[in-house]
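S.K.: A single structure is presented below for examination.
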């Protein structure tokens, strides 16, 4: 398949130490062998696997697909958690108030689609963690501002205008 080379760094190594792998473990795709340790075993017991189980190369694509799906779900949830209640479609239709509390039942098709179980769950999480979410947003804002200040400082120190 890959001539026994790690798919991330291209080295003929197994185990820990891959600088490019998300888990810092070399991944080698060989038929009927664990992608992490290279043994022809199944089940628990892989010392290099991030979750402790042997993963065959045929299962690797399924593992990547599941990881991608979880990433998109988390990204969607974080975006919805950061969205103010007054910007939600359920607020525009009069289903929820400014605090995210339900003030009427969803009767029409448009109202039911805007007040889905996922939207209800997001509103509940936002009400429970409202202060923590505000702190998180503030911390992220300050971190980004600090990063930009550092980048500007770096640019100013290396740049000298021609006179």
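Numbering (the working numbering), first residue to last: 10 to 172. A virtual CB, placed ideally from N, CA and C, is assigned to each residue, including glycine.
Using the beta-carbon count (16 or more within 10 Å), is residue 85 buried or exposed?
M.R.: The residue is exposed, with fewer than 16 neighbouring Cβ atoms inside 10 Å.
S.K.: Along the chain, where does the alpha helix (DSSP H) containing residue 120 start, and where does it finish?
M.R.: 118-123 is the extent of the alpha helix (DSSP H) around residue 120.
S.K.: Can you tell me which residues form a DSSP beta bridge with residue 109?
M.R.: Paired residue(s): none; residue 109 is not in a bridge.
S.K.: Thinking C-alpha only, which one of 30, 29, 32 and 58 is nearest residue 43?
M.R.: Answer by Cα proximity: 58.
S.K.: Hey, how far is the Cα of residue 27 from the Cα of residue 83?
M.R.: If I take the Cα positions, the gap works out to 26 Å.
S.K.: Do you know whose CA, among 96, 12 and 105, lies nearest residue 124's CA?
M.R.: It is 105.
S.K.: What do you get for residue 109, buried or exposed, if any count of 16 or more other CB atoms within 10 angstroms of its CB means buried?
M.R.: Under this definition residue 109 is a buried residue.
S.K.: Using 10 angstroms around the beta-carbon of residue 35, count the other beta-carbons present and answer buried if the total reaches 16, otherwise exposed.
M.R.: Buried: at least 16 other Cβ atoms inside 10 Å.
S.K.: Please go through the region 39-99 and give each complete alpha helix (DSSP H) segment of 4 or more residues, from N-terminal end onward.
M.R.: The qualifying runs are 66-91.
S.K.: Once you ignore the five residues that flank residue 55 on each side, which residues in its own chain have a CB closer than 8 Å to its CB?
M.R.: Correct list, in chain order: 43, 45, 46, 48, 61, 62, 63 and 64.
S.K.: Around the C-beta of residue 162, are 16 or more other C-beta atoms found within 10 angstroms, so that it is buried, or is it exposed?
M.R.: With a pLDDT of only 48 at residue 162, under 50, the local geometry of the prediction cannot be trusted, and the value read off the model is given with reservation. Classification of residue 162: exposed, given that the 10 Å Cβ count is below 16.
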